Amino acid sequence: MENLSFLFSIPTLIVFGCGCIKELGKRVKELGGSKAIIVTDKGIVSSGILGGIKDILKDSGISFTVFDEVEPNPLDTTIERGKEVAIREGCNIVIGIGGGSSMDSAKAIAMRVNNQEGTLLDYVGVNKVKNPPLPIIAIPTTSGTASELTIFSVLTDSRDMTKISIGSDLLTPKAAICDPLLTISMPPNITAATGMDALTHAIESYVNTMATPVTKVLALESIKLISKNLRRAVSRGDDINARTNMLLASLLAGMSFRHTRLGIAHALAMPLGSWDIRLPHGLANALVLPYVMEFNLPGNLEAYGEIALAIGENPGVTLRETALKSIKAVKELIKDIGLPRSLKAVGVKKEDFDRIAQEAMKSGNLAVNPRVCKKEDLISILEASYEGE
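Just so you know, numbering that gives the first Met the number 0 puts 123 at position 124 of the sequence shown, and the rest follows in order with no gaps.
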């Protein structure tokens, strides 16, 4: 560890535990909130979770309005509508509740209320946000995206249906209320996909060139928790221990990758969630992760060996043999949780590979990937993912 140096900061207040959602009113008041806009989706409304949130706010004497128009891969136009609601209603705090789409929408709406110049698309990129957003409280109901901790809001450009990202330290939520009880209603398919998103976060953070001793400890513990609990969370959604460990795993992975960024899998997942393809983000990651690992293996053999051991594999005769077991273990996990295992199975067409790879080459995640890659390499990974196993 010669010349070791790094920065590490988690500015978000994290409130974690079963029943901790009861603290919402207290946290709103601490941030000076008196009128909240709740940003969410129809699924959270129909699940009954929103009703509980409303009751907590009412009991705390906090007024609110609800914006429940968030769709998967939320559009820039949706954000602009939410902004207008927040301004019209005089809201001074934003509560995002749901999966990554709802939390990312909450961040963007909070930003736009205090940055009204131009359109949302003018803020796409990194560090283009000038004014601090309204305070944001993020409440995850899935265990995967870790949007409750990150500086990014990932959205969709309605003009061409490509994924876009707004990145700024100012977008980091002020508080994250992580209550495992809110994840119990998650159906098996979403549990599986979001769990694989968390695993991809942890693995890509652990092996990439920006990893530090602190981020590696967090990522490796996340990998251990997911390997021990995701199958159970999918098959027995009412197992509160499995749900708690999965939410914790997602949180730890988020703490890690907010400092390191990610890698090829997430670079590819962005265009796989764009245009007319529009795969759910976690599923897109699951479909390419094993083949990204195969490509990256020579770039950080030791790290992949450590991942294999963390998952529970026995050491091989050589380091390479041990490292290869990490890929085998990930493939087995994907099979066990019932996710599709090939791009062909979900209808992705080979003729789209060129534009997927071209778009992925624009990702900043490639700069920290453990192995340098070209567009041709990305196409090869897509071809392997197309056939799957």
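No residue lacks a Cβ here, since even glycine has one placed at the ideal position from N, Cα and C. Just so we're clear, the structure is a prediction, and the values are computed from it rather than from any experiment.
Helix, strand or coil for residue i? Go by DSSP, reduced to three states.
i, result
"residue 239", "helix"
"residue 187", "helix"
"residue 19", "helix"
"residue 410", "Residue 410 falls outside the range modelled here, since the chain spans only 0 to 388, and no answer is possible."
"residue 35", "strand"
"residue 344", "helix"
"residue 143", "coil"
"residue 338", "coil"
"residue 52", "helix"
"residue 371", "coil"
"residue 138", "strand"
"residue 304", "helix"
"residue 298", "helix"
"residue 95", "strand"
"residue 14", "strand"
"residue 117", "coil"
"residue 124", "strand"
"residue 388", "coil"
"residue 281", "helix"
"residue 275", "coil"
Look at the alpha carbon of residue i and the alpha carbon of residue j, and state the distance between them as a whole number of angstroms.
i, j, result
"residue 69", "residue 2", "46 angstroms"
"residue 332", "residue 386", "18 angstroms"
"residue 221", "residue 52", "28 angstroms"
"residue 323", "residue 241", "27 angstroms"
"residue 226", "residue 336", "11 angstroms"
"residue 59", "residue 362", "43 angstroms"
"residue 117", "residue 126", "16 angstroms"
"residue 124", "residue 164", "6 angstroms"
"residue 37", "residue 382", "42 angstroms"
"residue 190", "residue 95", "19 angstroms"
"residue 49", "residue 40", "10 angstroms"
"residue 13", "residue 23", "12 angstroms"
"residue 286", "residue 341", "6 angstroms"
"residue 196", "residue 21", "28 angstroms"
"residue 161", "residue 143", "22 angstroms"
"residue 199", "residue 248", "11 angstroms"
"residue 269", "residue 280", "7 angstroms"
"residue 238", "residue 43", "20 angstroms"
"residue 45", "residue 178", "19 angstroms"
"residue 284", "residue 159", "22 angstroms"
"residue 78", "residue 119", "8 angstroms"
"residue 230", "residue 330", "13 angstroms"
Provide the residue span of the alpha helix (DSSP H) that contains residue i, from first to last.
i, result
"residue 99", "99 to 113"
"residue 225", "212 to 234"
"residue 321", "318 to 335"
"residue 82", "75 to 87"
"residue 166", "Unbroken run through residue 166 is the beta strand (DSSP E), 161 to 166; no alpha helix (DSSP H)."
"residue 394", "The first residue shown for the chain is 0 and the last is 388, placing residue 394 beyond what the model contains."
"residue 271", "263 to 271"
"residue 352", "352 to 359"
"residue 46", "41 to 46"
Establish whether the CB of residue i and some CB of chain B are separated by less than 8 angstroms.
i, result
"residue 339", "Protein chains in the displayed structure number just one, and chain B is not present."
Counting along the chain, where does the beta strand (DSSP E) carrying residue i start and finish?
i, result
"residue 152", "151 to 156"
"residue 132", "Element bounds for residue 132: n/a, residue is neither H nor E."
"residue 65", "62 to 66"
Heavy atom of the ligand GDP less than 7 angstroms from the Cβ of residue i, yes or no?
i, result
"residue 104", "The model depicted lacks the ligand GDP and carries no ligand whatsoever."
How about the segment 245 to 254 and the segment 339 to 354: do they share at least three Cβ pairs that are nearer than 8 angstroms? Output reads no: the segment 339 to 354 does not touch the segment 245 to 254.
Just checking, does the segment 292 to 300 make contact with the segment 358 to 367 on the three C-beta pairs under 8 angstroms criterion? Judged by Cβ distances under 8 angstroms, the segment 292 to 300 makes no contact with the segment 358 to 367, as fewer than three pairs qualify.
Does the segment 280 to 294 come within contact of the segment 361 to 381, defined as at least 3 CB pairs closer than 8 angstroms? Contact holds: three or more Cβ-Cβ distances are below 8 angstroms.
Are the segment 144 to 154 and the segment 95 to 115 in contact at 8 angstroms, needing three or more beta carbon pairs? Contact holds: three or more Cβ-Cβ distances are below 8 angstroms.
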